[in-house]
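Position in the sequence shown (first residue = 1) + 207 = the numbering used here. Don't be surprised by glycine CBs; every beta carbon is placed ideally from N, CA and C.
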Amino acid sequence: MQATERQYQNYIGGKWADAATDGVNDNSNPADTGEALGRFPRSAREDVQRAVDAATTAYTSWRRSSATDRAAILDRAATIMERRADEIGRALTLEEGKTIAEGVGETKRGASILKFFAGEPWRPTGETYNSANPNTFLYTERVPLGVVGVITPWNFPVAIPIWKLAPLLAYGNVAIFKPAELTPLTAHLITEVFEEAGLPAGVLNLVHGPGSVVGNEIARNPGIHGITFTGSTSVGRELYAIASARGARVQLELGGKNPVVVAADAKIEQAVEIVLSGAMKSTGQKCTATSRVIVEQPIEGAFTEALVERVKSIKVGPGIDTASYMGPLVSASAEKTVLDYIDIGKNEGARLLTGGEKLANDNLGQGYFVAPTVFGDVRPEMRIAQEEIFGPVVGVIRASNLDEAVQIANGVKYGLSAAIITTNIGTAFNFVRSIEAGVVHVNSETAGAEPHVPFGGFKDSSSFSREQGRAAMEFFTQTRTVYFDMPS
Ligand code: ADP
């Protein structure tokens, strides 16, 4: 593909606009860092203020827009996204690195989320109650929060913004969208989709730029009433402190250290496929990726051997190559973090069974490729078993029985997703009831989220409110209670 030096812009008040600064962020392909993907603005605080002004103006009419209009716009956005799935999916693969099947699949998932929320304006938004006073009509209605900041990471640059923007818009809010600096192109394309769908000016405003400036201004700006954030725990906590101190509502989706428990009665082949897919797809860069496999002692040896064989067989290469099972890491800094954790694991005494190094053979030298890595003899207290690595690294931990397995699974600060592989329904049921995780899978991988059901974690993985499905209404609306009496 030809290198592009195209200069992209922000989108504020329905117009594509240059930022107030001259700073640029050069976007490139993590599978081939020589491939340029355009230049994006490093916006200033002033640009956020402009977006807040445009959003505030647009809010007056958007909050009162009809269900027909909102539904039609979201429905058109879904159709456009489906029509452009190959193009957007390809852009996603080029700038983020995941395979083209995952890139296109994620874009189609974005379309499904939009379709679900296109129905939402028609669903109930309140309740009626009997009143102590027979003349009073007593009811509640869900009304929007107002101007909402949307701060998103690079790992699902289509699905995450869409699962925040679609409900936000359906419930009558307006948005300031700040995507991750590593994936500005998909954010640009998403914004084009809404523009083409006929979203009125100012309802969605895109401001590119660094988290420390644009993200921080979103946290501080008094014109922003709510912030929905997905990203790292450290940034999320900082943002929460700043924004909640000024009274804004904040939603956080943070990290995970997601376990798969493999019971002694599990079918080893099935367990291996589930772990492989959960740990290595998207190069392990999912907040729901599998990073710990806790195996009951009797089958630990056979399972580990089969997993290592299978991991050795997967093809690593540029995501754009349809033969690749796993692409590169997203950036030099992500690659360094993963390689550092591999060293930490070795130094802690875990046994490196496969992988563990940067790949530079064939055509991989120009990208951030790290071999899919399996550690054995991992102990629960090791840093590689406690901290989020966000890469293609999985550790096998032996447990003497299922109680111990659950105890190990729960022995981390995170609680996003967890899975058990077993043929025994009693074992499965006990696991579901004792695991500290917001999403639980029985005989399926830890990753994956359907658009119509709640998504979110326990403990340090989120801030209680759930995303997706009708659960999204909890965050994006507030309740008004109305006592309505007739004039006497
Ligand atoms: P990740 O590495 O998963 O992208 P980050 O937490 O670094 O996680 O980033 C998630 C989002 O938060 C990105 O859009 C990033 O630009 C933004 N961000 C980073 N630092 C800050 C900050 N200090 N305040 C607000 N947003 C930030």
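Along the chain, where does the beta strand (DSSP E) that runs through Asp-239 open and close?
Looking at the DSSP string, the run of the beta strand (DSSP E) that includes Asp-239 is 239-248.
Can you tell me which of Ala-679, Gly-438, Phe-683 and Thr-653 puts its alpha carbon nearest to the alpha carbon of Ser-484?
The shortest C-alpha to C-alpha distance from Ser-484 to any of Ala-679, Gly-438, Phe-683 and Thr-653 is the one to Thr-653.
Using the C-alpha atoms, what's the distance from Gly-296 back to Met-208?
Bear in mind that a pLDDT of 42 at Met-208, under 50, signals an unreliable position, so the number given afterwards is only what the model happens to contain. Looking at the two C-alpha atoms, the distance is approximately 15 Å.
Is it the case that the CB of Lys-620 approaches a heavy atom of the ligand ADP more closely than 7 Å?
Within 7 Å of the C-beta of Lys-620 there is not a single heavy atom belonging to the ligand ADP.
Could you tell me if Ala-450 is buried or exposed, where buried requires 16 or more neighbouring beta carbons within 10 angstroms of its beta carbon?
With 16 or more neighbouring CB atoms inside 10 Å of its own CB, Ala-450 falls in the buried class.
How would you label Gln-675, buried or exposed, when you count the other beta carbons within 10 angstroms and need 16 or more for buried?
It is buried - the Cβ of Gln-675 has at least 16 other Cβ atoms within 10 Å.
To the nearest angstrom, report how far apart Glu-503 and Asn-608 are at their CA atoms.
Each residue's alpha carbon lies about 6 Å from the other.
Kindly say whether Ala-616, judged by its beta-carbon, lies nearer than 8 Å to any beta-carbon of chain B.
Judged by its chain identifiers, the structure shown contains no chain B, having just a single protein chain.
So for Tyr-548, helix, strand or coil by DSSP?
Three-state DSSP puts Tyr-548 in a helix.
Say yes only if the C-beta of Ser-419 is nearer than 7 Å to one or more non-hydrogen atoms of the ligand ADP, and no if none qualify.
Result yes, Cβ under 7 Å from the ligand ADP.
Is Ala-426 near the ligand ADP, going by C-beta to nearest heavy atom under 7 Å?
Set against 7 Å, the gap from the CB of Ala-426 to the closest heavy atom of the ligand ADP is smaller.
Let's see if you can read the secondary structure: which residues bound the beta strand (DSSP E) around Phe-582?
580-583 is the span of the beta strand (DSSP E), which, as asked, contains Phe-582.
Using only the heavy atoms of the ligand ADP, determine whether one of them is closer than 7 Å to the beta carbon of Lys-474.
Checking every heavy atom of the ligand ADP against the Cβ of Lys-474, none is found closer than 7 Å.
C-beta contact flag for Arg-673 and Phe-662 at 8 Å
Yes, these two residues count as a Cβ contact at 8 Å.
Quick check for students: name the residue ranges of the alpha helix (DSSP H) that lie wholly in the region 598-676, counting only runs of 4 or more.
As summarised for the region 598-676, the continuous alpha helix (DSSP H) elements at least 4 residues long and confined to that stretch are 609-617 and 632-641, given in chain order.
Which same chain residues end up closer than 7 Å to Arg-687 when comparing Cβ atoms and leaving out the 5 residues on each side of it in sequence?
If you ignore the 5 residues before and after Arg-687, its C-beta comes within less than 7 Å of the C-beta of Thr-347, Glu-348 and Val-350, all in its own chain and listed in chain order.
Within 8 Å, do at least three Cβ pairs link the region 435-448 to the region 313-332?
Contact fails: fewer than three Cβ-Cβ distances are below 8 Å.
Please state if the CB of Val-414 and the CB of Asn-232 are separated by a distance shorter than 8 Å.
Taking 8 Å as the Cβ cut-off, Asn-232 and Val-414 do not qualify as a contacting pair.
Would you report the Cα separation of Val-581 and Gln-492, rounded to the nearest angstrom?
Cα to Cα, the separation comes out at about 16 Å.
Status (buried if at least 16 other CB within 10 Å, exposed otherwise) for Met-693
Exposed.
Nearest-angstrom Cα distance between Arg-213 and Leu-396?
Arg-213 and Leu-396: Cα-Cα distance of roughly 14 Å.
For Lys-474, which option in Thr-630, Leu-299, Arg-271 and Ala-644 has the closest C-alpha, if you only look at C-alpha atoms?
Of the candidates Thr-630, Leu-299, Arg-271 and Ala-644, the one whose C-alpha sits nearest the C-alpha of Lys-474 is Thr-630.
Through-space distance from Ser-419 to Arg-249, alpha-carbon basis
Here the C-alpha atom of Arg-249 lies approximately 11 Å from the C-alpha atom of Ser-419.
Once the 5 residues before and after Phe-384 are set aside, which same chain residues still bring their CB inside 6 Å of it?
Excluding sequence neighbours, Phe-384 sits near Val-357 and Leu-413.
Taking DSSP's pairing of strands, which residues face Gln-685 in a bridge?
In DSSP, Gln-685 forms a bridge with Val-350.
Following a CB-centred definition, is Thr-495 positioned closer than 7 Å to any heavy atom of the ligand ADP?
The answer is no for Thr-495.
Is Val-365 near Leu-299, with beta carbons less than 8 Å apart?
Yes; because the gap between Cβ atoms is below 8 Å, this pair is in contact.
Close-in-space but distant-in-sequence residues of the same chain around Glu-681 (CB under 8 Å, 5 per side omitted)
Annotation for Glu-681: Ser-672 and Arg-673 place their beta carbon closer than 8 Å to its own, counting only its chain and skipping 5 residues before and after.
Of all the beta strand (DSSP E) runs that stay within the bounds of the region 302-355, which reach a length of 3 or more residues?
Uninterrupted beta strand (DSSP E) stretches at least 3 residues long and entirely within the region 302-355 occur at 343-351, given in chain order.
Alpha-carbon to alpha-carbon, Ala-592 and Arg-640
The alpha-carbon of Arg-640 is positioned some 23 Å away from that of Ala-592.
Which value, in whole angstroms, describes the spacing of the CA atoms of Val-613 and Val-601?
Between the alpha carbons of Val-613 and Val-601 lies a distance of about 18 Å.
Candidates Arg-270, Thr-390 and Ile-549: closest to Leu-352 by CA position:
The shortest Cα separation from Leu-352 among Arg-270, Thr-390 and Ile-549 belongs to Arg-270.
Nearest-angstrom Cα separation, counted from His-648 out to Ser-670:
Cα to Cα, Ser-670 sits roughly 21 Å from His-648.
Under 7 Å from any heavy atom of the ligand ADP, does the C-beta of Ile-632 make it?
Every heavy atom of the ligand ADP is 7 Å or more from the Cβ of Ile-632, so no.
Along the chain, where does the beta strand (DSSP E) that runs through Thr-437 open and close?
Where Thr-437 is concerned, the enclosing beta strand (DSSP E) stretches over 433-437.
Using the DSSP secondary-structure output, state which residues sit across from Trp-690 in a beta bridge.
Residue 690 is actually Tyr in this sequence, not Trp. The beta-bridge partner set that DSSP reports for Tyr-690 consists of Leu-345.
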